[in-house]
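Residue numbers (this note's numbering): 170 to 274.
Virtual Cβ for every residue (Gly too), placed ideally from N, Cα, C.
The structure appears below as structure tokens.
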């Protein structure tokens with residue numbers, strides 16, 4: 170008879186059918202009862218996907234909750250000037266010599 174390797178001796182030999190029997194025995198052997206328990210547990214933990222959540226305004230949060238960090242490398246991340254963003258519109262240059270769409274006429 171062939172010997173089993175050391176790692177193979179530690180492997181659990183429980184097959185899926187035995188696991189199903191054990192679970193069914195815990196819930197009275199009724200697959201319908203087990204199914205109802207799973208559905209009820211899933212329904213109580215669900216979050217409605219249609220509810221919109223407003224994102225946190227980071228700058229407003231920092232103003233209302235002053236940071237505790239007095240000094241250190243992270244202080245620069247918290248300090249921001251009120252005019253830290255400047256929006257500039259730069260028109261694109263035309264990349265083609267001629268029109269891409271021929272003129273009508």
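* Asked: What's the gap between the Cα of residue 258 and the Cα of residue 220?
  -> Near 35 Å, if we compare the C-alpha coordinates of residue 220 and residue 258.
* How many angstroms separate the CA atom of residue 224 from the CA atom of residue 231? -> One alpha carbon belongs to residue 224, the other to residue 231, and they sit about 14 Å apart.
* For residue 262, which residues of its own chain have a beta-carbon under 6 Å away from its beta-carbon, when the five flanking residues on both sides are left out? -> Excluding sequence neighbours, residue 262 sits near nothing in its chain.
* CA-CA distance, residue 237 and residue 252? -> About 23 Å.
* Asked: Three-state secondary structure (DSSP) at residue 272?
  -> For residue 272, the secondary structure class from DSSP, reduced to helix, strand or coil, is coil.
* Nearest-angstrom Cα distance between residue 272 and residue 260? -> One C-alpha to the other measures close to 23 Å.
* To do: May I ask which residues mark the beginning and end of the alpha helix (DSSP H) holding residue 232?
  => It spans 227-233 - the alpha helix (DSSP H) in which residue 232 sits, taken as one unbroken run.
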